[in-house]
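A short write-up of the structure that comes next.
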């Protein structure tokens, strides 16, 4: 998989689960879940305030960073 170019989110998510393992990812989720509702509320507020493109930009950068950690290239859909 190293060096492979991925072009969709489900593929990169599946690779992350395979690479790090579902247990480790579940633990990470539990650590982050406490803040999830607050974050979703803030994202919705900022999208309503015209900040959707900025949010999408940062999400893209995070996906690229995850792909880099996995040793692949992520090409946005």
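In the numbering used here, the protein residues as written are 1 to 77.
From the three backbone atoms N, C-alpha and C, an ideal C-beta is built for every residue, glycine too.
- The beta carbon of residue 67 sits closer than 7 Å to those of 6, 12, 73 and 74, all from its chain and outside the five residues before and after it, given in chain order.
- About 29 Å separates the CB atoms of residue 54 and residue 19; that is not less than 8 Å, and the two are not in contact.
- The beta carbon of residue 23 sits closer than 8 Å to no other beta carbon from its chain once the five residues preceding and following it are set aside.
- For residue 42, the uninterrupted alpha helix (DSSP H) segment begins and ends at 22-48.
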